[in-house]
Amino acid sequence: MPTRAHVLRRAAALVACALTVVTTTAGCSLLPGGGDNDATDIERNTLRIGVMPVVDVAPLRIAINEKLFDKAGLQVQLVPQTSEDEGIKQLDTTLDITWASHVTLFRKVAEGTQLQLQGEAYQAGANSMALVSTDPNYDGPAKIAKPRIAVVNDDDIGALTTRAVLDTAGVEKQGIQFREFPYDQMVTAMQSKTVDAAWMTEPFITKAQRDIGARIVSDTAIGPTKDFPMSGYAASKKFADGNPKTLALFRSVLRDAQQAAANNKLTVQDVLSSYVDVDQQTAALVSVGTFPLSLNPIRLQRVADMMDTEDVLPGRLDVQQLLPPGTTN
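Sequence positions in the sequence shown follow mature numbering (1 follows the signal peptide of the UniProt record, and there is no 0) and run -26 to -1, 1 to 303.
Written out as structure tokens, the structure is:
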């Protein structure tokens, strides 16, 4: 019969063995930053992301500069695009993910494009999107009954938020005349009096103010569009279904990048001059909104519902169906 001392020694040995196994396992994969299981378990380690020269994508630039993707085991290439529609069109060919306004993404879904949202990029803050004019007499949103407004697309976020803000100011929606111009031609359109104002986002607002003395007629992130969800990232449904772990890792790094941008908006302003045609002095004056840390279906449904109300969509779009599995309120 084993002695009491023998039993105690045997028990101690078993406990030590168990602790060794737990410690080894934790060191390999359970402790934060331990090992590279996340990187080796993903379907692919390269991602091509379509971007445009807007404040919204500053966190991605910060992530590249600080090697956040590299540390996670992802090689990311940011690919400049000429338009949001073009970026979406290139999914599954030359792009894996693309940035676009939520309005553009939801409009494309309604037209039949199968997408899955991968992250929210930007949420409007004070004067981060606005109606800008060079006309000194256009000093309030209700001053012109039938304003001619430059927008990138007459069914984009600019047109949607302009209608909402001018309607609140008492301007009849039927009287608003939208004219389509790329951002880099809007200043010329205002100076030639082809339009009365232009809907712009930063840094184009600040650039127009500094370069030609343009003024803000109205912030378009007020009233019904206050804190409006502006843009995000999406992949094709096909790519998302085939690469769920890769995209989950992308969303994790994106969250860290968004948090870094939210914590230090000076960093956002500093990085702007590296990918937008603005100098440091102009970049330092740019109004910066909010960088959401996760996909929020309630917040995003607000965009889809406004699009439905304004007849931009043929019917109500259930945003929850566009989110990765497991995304909840």
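We treat Cβ as the ideally placed atom computed from N, Cα and C, and that holds for glycine.
- For Ala98, there is no enclosing alpha helix (DSSP H), since its DSSP letter is neither H nor E.
- Around the beta-carbon of Thr199, 16 or more other beta-carbon atoms lie within 10 Å, marking it buried.
- Per the coordinates, the alpha-carbon of Thr194 lies some 28 Å from the alpha-carbon of Asp230.
- Two segments are said to touch when three or more pairs of C-beta atoms, one from each, lie closer than 8 Å; by this definition the stretch 113 to 125 does not touch the stretch 246 to 258.
- Beta-carbon to beta-carbon, Val227 and Leu246 are separated by about 21 Å, too far to satisfy the 8 Å threshold.
- Taking C-beta atoms as the reference points, Val106 and Ile23 fail to come closer than 9 Å.
- Gln232: not part of any beta strand (DSSP E); member of the alpha helix (DSSP H) spanning Pro218 to Asn237, first to last residue.
- Rounded to whole angstroms, Leu48 and Trp73 show a C-alpha spacing of 18 Å.
- Where Thr175 is concerned, the enclosing beta strand (DSSP E) starts and stops at Ala171 to Thr175.
- Inter-residue distance for Phe224 and Ala37 is about 11 Å (C-alpha atoms, whole angstroms).
- A check of alpha carbon separations from Ser210 across Thr135, Asp70, Ala138 and Val126 identifies Asp70 as the nearest.
- Counted as a single uninterrupted DSSP element, the stretch harbouring Gly61 is not any beta strand (DSSP E) but the alpha helix (DSSP H) occupying residues Glu58 to Lys63.
- The three-state reading of DSSP puts Thr136 in helix, counting H, G and I together.
- Under the three-state reduction of DSSP output, Thr283 falls in the helix class.
- In terms of CA proximity to Ile150, Arg137 leads the group Thr162, Phe265, Ala143 and Arg137.
- In the same chain as Asp201, and ignoring 5 residues on each side of it, the C-beta atoms closer than 8 Å to its own belong to Gln97, Ala98, Gly99, Ala195 and Thr264, in chain order.
- Comparing C-alpha distances from Asp66 to each of Lys147, Asn217, Phe178 and Gly132 shows the shortest one belongs to Asn217.
- Ala278 carries a helical assignment under DSSP once its states are collapsed to helix, strand and coil.
- Around the CB of Asn101, 16 or more other CB atoms lie within 10 Å, so the residue is classed as buried.
- Counted as a single uninterrupted DSSP element, the beta strand (DSSP E) harbouring Val191 occupies residues Arg189 to Asp193.
- Taking 9 Å as the cut-off, the beta carbon of Met204 is found closer than this to the beta carbon of Ala95.
- Contact between the stretch 52 to 61 and the stretch 237 to 245 is absent: fewer than 3 CB-CB pairs across the two stretches fall below 8 Å.
- Beta-bridge pairing by DSSP links Leu21 to Val50.
- In the three-state reduction of the DSSP assignment, Ile131 falls in the helix class, which pools H, G and I.
- A straight-line Cα-Cα distance of about 13 Å links Thr56 and Asn127.
- With contacts defined as CB atoms closer than 9 Å, Gly206 and Leu79 qualify as a contacting pair.
- When DSSP states are grouped into helix, strand and coil, Tyr157 belongs to the helix group.
- By DSSP's assignment, Met103 forms a beta bridge with Thr175.
- Boundaries of the beta strand (DSSP E) around Ile123: Arg122 to Val125.
- Arg81 is not a Cβ neighbour of Val293, given a cutoff of 9 Å.
- Ile38 carries a helical assignment under DSSP once its states are collapsed to helix, strand and coil.
- By the Cβ-count criterion, Lys147 is exposed, with fewer than 16 other Cβ atoms from all chains shown falling within 10 Å of its own Cβ.
- By the CB criterion at 9 Å, Met26 and Leu134 fall outside the cutoff.
- Membership of Ala116 in any beta strand (DSSP E) is not indicated, and neither H nor E is assigned to it by DSSP.
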